Structure formats: structure tokens, C-alpha cells
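Trainee: First residue of the sequence shown? That's 660 in our numbering, and the numbers climb one at a time after it. Quick one: the structure is below, questions incoming.
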Amino acid sequence: MTDTNAKSASAINPWRVVGWSAAGGLLLLPAIAMQFTPEVVWTAGDFIFAALLLFALGVGLELAIRFGRDAPHRVGMAISVLTAFLTIWANGAVGMIGNEKAPVNSGFNVIVLAGVLASLLVRFRPQIMRWIALAAAVGQMALGVAATQMMPGHGVEWGVLTVFAAAWLTATACFHRAAVARRARSEEARVPAG
Numbered sequence: 660m661t662d663t664n665a666k667s668a669s670a671i672n673p674w675r676v677v678g679w680s681a682a683g684g685l686l687l688l689p690a691i692a693m694q695f696t697p698e699v700v701w702t703a704g705d706f707i708f709a710a711l712l713l714f715a716l717g718v719g720l721e722l723a724i725r726f727g728r729d730a731p732h733r734v735g736m737a738i739s740v741l742t743a744f745l746t747i748w749a750n751g752a753v754g755m756i757g758n759e760k761a762p763v764n765s766g767f768n769v770i771v772l773a774g775v776l777a778s779l780l781v782r783f784r785p786q787i788m789r790w791i792a793l794a795a796a797v798g799q800m801a802l803g804v805a806a807t808q809m810m811p812g813h814g815v816e817w818g819v820l821t822v823f824a825a826a827w828l829t830a831t832a833c834f835h836r837a838a839v840a841r842r843a844r845s846e847e848a849r850v851p852a853g
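Pasting the structure below:
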């Protein structure tokens, strides 16, 4: 039995190979584009930033698969990881509101960082993860409202903020479903057969 467990633990999962290869391929795209057009200009810092973000995305998805207790939990974690990644990426590239240097944009990074830290502290338990994802959705929309006050005359991209909030709310719904299922399983285990 130990041999079987050792084999399954060390077996190469083709989806992992595809995922990590895709991350590497994404990192190569700007390097290739720079050879053909002067419009794409990435510095070493840009490549390092992208590599770190893609690595964080990959590790986050690995954690979602490993620690997700059931399908809704895994899906909620995957959506959260992807939404956090896209928030940081978009914010670093062009800024969620205004340009990437607008002061309000640092709030989006703080929301993601706080969500990551809170998720680690609660060990990805869906009962609490639903509140973390909900807080991220509300926080991002609140930053949009704050931006209308802080940056008069500048239009807030409500469509973009709504898409990101919808992603966080979808994760919230997945975590809620996982939490309800977990509670039901726990209650079933406590009821004596008979």
C-alpha cells in the first residue's frame, strides 16, 4: 500500500505540466513581441514582476486543488486566486481607476494582500473564506465610490469594477455552498444511526 501511495504522490499530473507551461509561455510572449515591434518595451523589472505574479497564481491554484475540501470549495478558491491575480496585474499595468500611479489604486493591492493573509490565517476554511471574498467585492466597489470623491472629473470604470466584484461574489457563493455542505456533513456525523 505504501508503494501505491508513493506512486500516486510522485506521479506527474498532466494538468500541472500544462498549467506551469502556460505560465512560462505567457512570460515569453512579451519577450517575443519585443523582437517584432518597438511598441512592446518591457524592462527586467517588468519581467520579474510578471514572473512573481505568475508564480503566485500557480502556487495559489496548487493550494486551491490541494486544500479544497470539495468541488465548490476548490472552485471558490480558484476564482479567488484568479481574481486576485487579475486585480494586481491590471492595477500594475494600467491601474484599476485612472492610471497605475493614481493613489486610490494602492487600495486594490491592499485588499488583495489582506485577503491572502486572512485566507492563510483561517487555513482556507470555507465558512470564513466566504466573508473574505465578500469583503473584497465590497472593498473594491467602495474604492470606486471613494475615487469619485478623491478624483473629481475622472470617470470611474464601473464596468470593470463590477466585473471584478462579480468574480469575488461568485467565489463567495462557492464558499457559502461549501460551508453549508460541510455543516450538513458534520450534522449527519453527529446524528446516531437508528
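Where a beta carbon is used, it is the ideal one built from N, C-alpha and C, also for glycine. Predicted model, so just to flag it, every value in this text is computed and none were measured.
By the three-class DSSP mapping on this structure, what secondary structure does R675 have?
Mentor: Residue state, collapsed to three classes: helix.
Trainee: Are the Cβ atoms of L711 and G678 separated by less than 9 Å?
Mentor: In this structure, G678 does not lie closer than 9 Å to L711 by Cβ.
Trainee: Ignore the nearest five residues each way along the sequence and tell me which others in K612's own chain have a CB closer than 8 Å to its CB.
Mentor: Residue 612 is absent from the structure shown; the chain starts at 660 and stops at 853.
Trainee: Quick check on G818: buried or exposed, where buried means 16 or more other Cβ atoms within 10 Å of its Cβ?
Mentor: It is exposed - the Cβ of G818 has fewer than 16 other Cβ atoms within 10 Å.
Trainee: Considering G774, what are the terminal residues of the alpha helix (DSSP H) in which it resides?
Mentor: Where G774 is concerned, the enclosing alpha helix (DSSP H) stretches over S765 to L780.
Trainee: Using 9 Å as the limit for Cβ to Cβ distance, is G754 near chain B?
Mentor: Chain labels in this structure do not include chain B; a single protein chain is all it has.
Trainee: Express the C-alpha separation of G814 and G727 in angstroms, rounding to a whole number.
Mentor: The alpha-carbon atoms of G727 and G814 are separated by roughly 39 Å.
Trainee: How would you write the range of the alpha helix (DSSP H) that F726 sits in, first residue to last?
Mentor: Looking at the DSSP string, the run of the alpha helix (DSSP H) that includes F726 is A703 to F726.
Trainee: By a C-beta neighbour count over all protein chains shown, 10 Å radius and 16 as the cutoff for buried, is V771 buried or exposed?
Mentor: Classification for V771: buried.
Trainee: Out of curiosity, what's the CA-to-CA distance linking V676 and G812?
Mentor: When rounded, the distance between both Cα atoms is 48 Å.
Trainee: Between I756 and E816, which are expected to be in contact by the criterion C-beta below 8 Å, what is the C-beta distance as a whole number of angstroms?
Mentor: So it is a contact: roughly 7 Å between Cβ atoms.
Trainee: If you pair each beta-carbon of the segment 700-707 with each one of the segment 785-799, do three or more pairs fall below 8 Å?
Mentor: The segment 700-707 vs the segment 785-799: no contact.
Trainee: Roughly how many angstroms separate the alpha carbons of A792 and W674, rounded to a whole number?
Mentor: When rounded, the distance between both Cα atoms is 26 Å.
Trainee: Taking the CB atoms as reference points, tell me whether L722 and A682 lie closer together than 9 Å.
Mentor: Cβ atoms of L722 and A682: not closer than 9 Å.
Trainee: Confirm, please, whether the CB-CB distance from A709 to A743 is below 9 Å.
Mentor: Contact flag unset, no.
Trainee: Is it buried or exposed for L716, if we count other Cβ within 10 angstroms and need 16 for buried?
Mentor: It is buried - the Cβ of L716 has at least 16 other Cβ atoms within 10 Å.
Trainee: Please report the straight-line C-alpha distance between N750 and F823, rounded to a whole angstrom.
Mentor: About 12 Å.
Trainee: Please state the DSSP three-state secondary structure of G754.
Mentor: Coil, per DSSP.
Trainee: In chain order, what residues of the same chain have a beta carbon less than 7 Å from the beta carbon of F740, not counting five sequence neighbours either side?
Mentor: Rather than Phe, the amino acid found at residue 740 in this sequence is Val. Here the set comprises L716, G719, L720 and A723.
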